[in-house]
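Reviewing the structure listed below.
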Amino acid sequence: MEVDATLDSGSEGKSYGTIFLDMLLHFQYQTLCKKIIYICMCVCVCVLDEARRRSKNRRAKAQRKTKQVSDDEDEEEDEDEAPRKRGRRKRTKPQDSDQDDEEDKRRVRQKGAKAPRRKAANEERDEESEEDQGKRKKGGRAPSKQEKEDQNKEKKGNVKGKDETNKGSEKDKKKKNGKQSRSSSSEDESEDESDEESMSEGEIAALKEQVEEKKKLIATLRNKPWRMKRRLVLLKEAQEFVEKFEGALGKGRGKKLYAFKVMMTKVLMGLPYGSIPRKTVPRSEQDTAMDFSVLFDFGVRILASSLCQGGSLLRVYPACCPILGYCKYSILFYGYYNNERNIGVLKFRLPLSYLLTGVGIFGYSLMVVIRTMARNANEGGDGGDEGEFTFSWKMFTSWDYLIGNPETADNKYASITTSFKESIVDEKENQKDENIHLQRFLRILANIMILCCLGGSGYLIYFVVKRSQDFAKMDPASLTWFQKNEVEFVMSLLGLVCPPLFETIAELEDYHPRIALKWQLGRIFALFLGNLYTFLFALFDEVNDKLETEQELKNATEWAIHEYNANYSSYYNTTDVPPLVVNPADAVRGPCWETAVGIEFVKLIVSDMQVTFLTILIGDFARAIIVRFLNYCWCWDLEAGFPSYAEFDISGNVLGLIFNQGMIWMGAFYAPGLVGLNVLRLLTSMYFQCWAVMACNVPHERVFKASRSNNFYMGLLLLVLFLSLLPVVYTIMTLPPSFDCGPFSGQDRMYDVVMETITQDLPAFIGTIFTYATNPGLIMPAVLLMVLAIYYLNTVSKGYQQANLDLKKKMKMARDEEKNRRNNKDSTNQVMKDLEDLLPNKSLIPPPTEEEPPHDIVIEKGSKSTKMKPGSAGKGVNLQKEVSLAATNPRGPVAHPPRARGGPPGHLRGPLPGPGRGRGRGAPPRT
Amino acid sequence: MGSRASRLLREEEIEEIKKETGFSHSQITRLYSRFTSLDKGENGTLSREDFQRIPELAINPLGDRIINAFFPEGYFVLVIFREDQVNFRGFMRTLAHFRPIEDNEKNKNPATEPLNSRTNKLLFAFRLYDLDRDDKISRDELLQVLRMMVGVNISDEQLGSIADRTIQEADTNGDSCISFNEFIKVLEKVDVEQKMSIRFLH
């Protein structure tokens with residue numbers, strides 16, 4: 001708003017404003033932005049002057065006709081500039097009068113329509129100011145050229161220069177007058193506004209006046225009777241001053257907004273990196289490119305178009321290139337990037353990094369997925385014998401003691417219940433035994449049916465895509481909406497219908513819920529992937545078509561340029577042919593198949609997103625509302641009965657995420673913006689689905705935990721990654737890139753960029769190494785080695801696995817044995833029980849204990865007897881010694897004869913019979 | 001609050017508690033302020049109602065059992081002393097079970113087992129299930145717990161079979177009860193040291 005207002009008052013400028021505008025335009029400024037700033041600044045000045053003058057006018061003549069005002073102002077202005085322009089006035093006079101005539105006409109017209117509706121007037125002014133701007137721009141360049149010329153001439157001391165300048169300023173003047181006349185007509189209406197503005201921006205007025213002075217100096221410098229040197233110095237100073245303070249002055253909010261707008265258009269138009277044709281919108285599409293519905297028109301026009309235009313757009317725009325808006329030429333797609341080897345100060349190699357990023361994403365994703373899988377596998381291995389105490393663990397450890405919120409507690413109750421139920425189901429499944437033949441037959445039948453479904457859906461998609469290509473060649477106006485969006489429609493429909501169908505068929509198989517879930521997931525996965533691949537193959541057909549057209553186009557353009565050159569040289573009789581200058585918007589362009597592929601993927605993602613959101617809104621939300629509120633007046637219980645609430649399908653949603661990720665992987669190379677788009681999509685859908693789950697879903701009725709099959713999902717992800725890697729790498733390696741768009745234009749193959757870098761930018765020896773490394777003779781052994789290593793590692797891991805299993809089995813057997821023994825002992829054998837009761841003791845005491853008990857008793861008896869005999873002195877010591885004796889000499893009774901025999905040796909061996917002597921010694925005093 | 005708490009708590013009392021439970025000085029004062037804030041009757045002791053006001057305990061199906069654990073002699077105290085209260089010492093003694101095991105005290109003094117050892121933690125958990133304190137978890141006791149945890153969602157018959165299965169899994173000596181040793185064996189793989197620890201602020 002502010003911008004418009006200032007522009008208005010700018011066009012209204014009475015004297016200084018316009019002059020300075022014109023003077024300013026002698027400098028050739030690069031960006032529109034700066035110009036706007038200048039305009040705004042001058043506007044403020046004008047407003048001030050105007051206010052001053054108006055008060056003067058008011059004093060002199062209360063109310064004047066507008067024409068008089070403008071005439072007056074012309075005079076005044078001329079007076080102001082008198083010293084400089086006096087000489088010129090004579091010449092300009094007649095033109096002025098012409099102008100006045102025109103003005104009269106205009107005024108008459110305006111008066112007729114004047115019934116002053118303020119809005120209308122404002123609009124008019126807008127238009128006028130825009131016109132002015134355009135004029136100023138155009139005018140700006142011509143005088144500046146003249147200026148240069150003038151300077152040259154002045155240097156030579158030529159008098160002609162002055163005439164030239166005069167002419168230039170004449171032109172300026174003409175323009176200025178035109179401006180004034182037009183602006184003055186709307187003066188009355190905008191008076192108030194401009195007054196307000198002058199008040200708000202009054203503080204910087206002083207600064208502006210200074211700037212304006214300098215500018216005046218610059219403009220009049222040429223006419224000053226100074227030396228050239230002084231003039232140059234002054235000019236430089238003044239220019240610096242002006243530039244500095246103009247920057248300071250151009251800080252208003254409106255200017256920022258305007259600058260932002262300008263920047264946005266530039267980004268969308270792709271100007272910053274230069275201007276190859278791909279970044280500009282072709283002329284034929286320009287007029288519609290900024291329409292809202294077209295800008296975001298990704299071919300899925302169900303919502304946008306029908307809402308905005310009532311569907312009329314659908315018949316207007318051709319279906320063959322659904323993205324007509326700026327998006328097609330924006331940073332979103334492959335075609336935006338150009339093939340300059342280096343960009344910017346840092347010499348950023350765009351083509352090389354484009355390729356490396358595209359391939360690097362796959363490498364990185366691969367590593368992340370594999371690492372996650374390995375970690376999960378480790379965790380899984382840890383809980384190997386989890387099966388032993390399932391129920392006990394659930395019993396003792398399921399509650400989370402930190403729960404303090406009643407709702408969470410309810411959820412926890414539900415989850416505990418679920419887990420118990422799951423275990424019960426598990427148990428039952430284990431004990432079940434049925435008619436195995438019937439089961440086998442049913443399972444085979446189910447699989448056949450599902451295969452039929454898969455094949456049918458694949459054929460359907462192929463058929464539809466083929467047909468859509470035929471449609472694309474037809475006249476777009478004759479196509480119906482359905483014919484244009486058939487592919488997306490059919491794919492979404494298949495995605496909606498098939499999974500429930502599979503689920504119904506899977507009932508036949510009668511698997512355990514968790515296994516059934518895996519089957520189901522695998523089938524949905526096959527469906528999605530089959531669909532995607534059919535779609536891809538159809539797309540490749542299209543790409544080949546496009547490549548052919550491109551070749552034809554290329555030949556045609558080359559021929560045309562050749563003709564042009566020939567004609568030019570024959571006509572002007574010169575071999576020095578200037579290059580053909582074509583506005584980028586008008587340039588001939590090839591079909592650019594990469595962008596087309598990218599567009600297809602963006603379309604897929606967007607339609608997928610729409611289907612997801614619509615499904616949730618209709619299938620979950622609307623259903624929940626109906627069930628909830630119609631339940632009050634219905635014949636049966638809706639909540640418990642048929643429609644019920646929707647279940648939240650965790651596995652399906654996870655699969656959707658995986659599939660979505662696959663599409664991103666595939667499409668990211670051709671539409672780099674897809675990644676950002678997907679991030680947005682994921683964020684919004686996360687919150688949306690979170691809301692939906694909390695508000696209108698009930699837990700899944702079938703009892704299973706999907707979180708446990710983590711690695712299963714990761715495996716699917718890995719498969720998807722691999723499968724989406726294939727087409728991308730295939731295109732990179734085999735298809736030639738478009739010749740006039742994208743970072744690889746002009747090359748035979750995309751990977752040539754790498755070769756080029758190696759040969760040109762890296763040291764020579766690296767190049768040699770690379771050639772050796774890429775030699776098949778080296779690659780084959782390397783691959784062989786890798787295969788062997790994989791084989792070896794696989795065998796080793798299998799061996800470990802087997803060992804693990806064996807050990808587990810052993811542990812279990814040991815446990816069972818123990819248990820069985822305990823369970824049997826009551827009934828079977830009393831003796832065995834006694835024995836086993838002894839076992840723990842046996843294990844506590846060292847081996848010789850088997851003979852010990854009798855010994856113990858004997859010794860105790862013995863000690864007792866000895867105690868009785870010797871009395872009560874030295875009890876403990878003696879007892880111990882006797883025990884040790886008995887222990888060391890088990891053959892006690894046999895030992896007597898030798899002792900009796902060997903009396904003398906016993907005496908000789910002093911220490912050994914010590915105890916005996918001790919006893920003997922101890923005995924005498926007692927006895 | 002904190003200053004009042006420390007004012008009311010005598011130094012020698014703190015020392016005793018420190019020795020008994022292994023809490024640090026500041027932990028004790030902080031827990032004392034928590035104790036007084038729980039103590040709505042402001043008589044220096046906590047009643048069952050005071051505990052039941054804690055939302056985590058009010059919701060917990062085993063909440064009553066946990067509260068019981070704060071009254072160590074339970075029934076006995078009720079009968080003999082005719083009061084159903086726990087003082088700060090008892091409060092701290094129970095909380096000490098949940099003090100995390102620090103590395104340096106693992107091998108410090110093997111003779112006197114601290115209250116927060118693995119065995120004591122498990123014993124604490126065991127007592128939650130062992131209602132009649134006969135050091136055995138019987139089928140009835142398991143059924144009670146189950147009913148608290150799953151409510152009416154599962155039929156009694158199924159609950160019974162779950163309890164049977166649990167006992168069958170855990171029982172090694174065939175007495176149809178789970179003894180403390182069996183309980184330890186069941187939870188051998190569970191990281192009790194970490195799961196039954198509360199990180200008290202230092």
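Protein chains in written order, with full-length UniProt numbering: chain A, 1 to 927; chain B, 1 to 202. Think of the CB as a built atom: it goes at the ideal place given N, C-alpha and C, for glycine as much as any other residue.
Enclosing alpha helix (DSSP H) for residue i [first to last residue]
i       : result
R65(B)  : G63 to A69
W393(A) : T390 to T397
E600(A) : W593 to L614
K19(B)  : E11 to T21
G673(A) : G673 to C696
S24(B)  : Element bounds for S24(B): n/a, residue is neither H nor E.
M474(A) : First-last for M474(A): undefined, no H or E at that position.
T119(B) : R118 to Y129
C498(A) : E486 to A506
Y730(A) : N710 to T734
Beta-carbon neighbours of residue i, restricted to chain B and to distances below 7 Å
i       : result
I416(A) : M149 and V150
Three-state secondary structure (DSSP) of residue i
i              : result
N60(B)         : coil
A640(A)        : coil
E548(A)        : helix
L217(A)        : helix
E209(A)        : helix
Q85(B)         : strand
E42(B)         : coil
residue 942(A) : Residue 942(A) cannot be examined here, being either before or after the span of chain A that is shown, 1 to 927.
is_contact[residue i, chain B] using C-beta, thresh 8 Å
i       : result
L402(A) : yes
P513(A) : no
K842(A) : With a pLDDT of 46 at K842(A), under the threshold of 50, the modelled position of this residue cannot be trusted; read the value that follows with caution. Chain B, which has no Cβ nearer than 8 Å to the Cβ of K842(A), makes this no.
I599(A) : no
M395(A) : yes
Y413(A) : yes
K428(A) : no
Partners in chain A for residue i, counting only beta-carbon separations shorter than 9 Å
i       : result
T119(B) : Within 9 Å Cβ-Cβ: nothing; T119(B) doesn't reach chain A, min ~16 Å.
L187(B) : F389, S392, W393, F396 and T397
T172(B) : R815, E818, K819 and R822
With 16 other Cβ atoms within 10 Å as the buried cut-off, status of residue i
i       : result
K195(B) : exposed
V345(A) : exposed
K19(B)  : exposed
R99(B)  : buried
F765(A) : exposed
D50(B)  : buried
T574(A) : exposed
Y334(A) : buried
M149(B) : buried
Interface flag, residue i vs chain A, CB-CB below 8 Å
i              : result
P61(B)         : yes
residue 204(B) : Here chain B covers residues 1 to 202 and nothing more, so residue 204(B) does not appear.
L201(B)        : no
L38(B)         : no
R53(B)         : no
R127(B)        : no
Q158(B)        : yes
R165(B)        : yes
V86(B)         : no
L131(B)        : no
L31(B)         : no
Interface partners of residue i on chain A, CB under 8 Å
i       : result
Q194(B) : Near Q194(B) there are no residues of chain A at all, since even the closest Cβ is about 13 Å away, more than 8 Å.
Heavy atom of the ligand COA within 7 Å of residue i beta-carbon
i       : result
V192(B) : The model depicted lacks the ligand COA and carries no ligand whatsoever.
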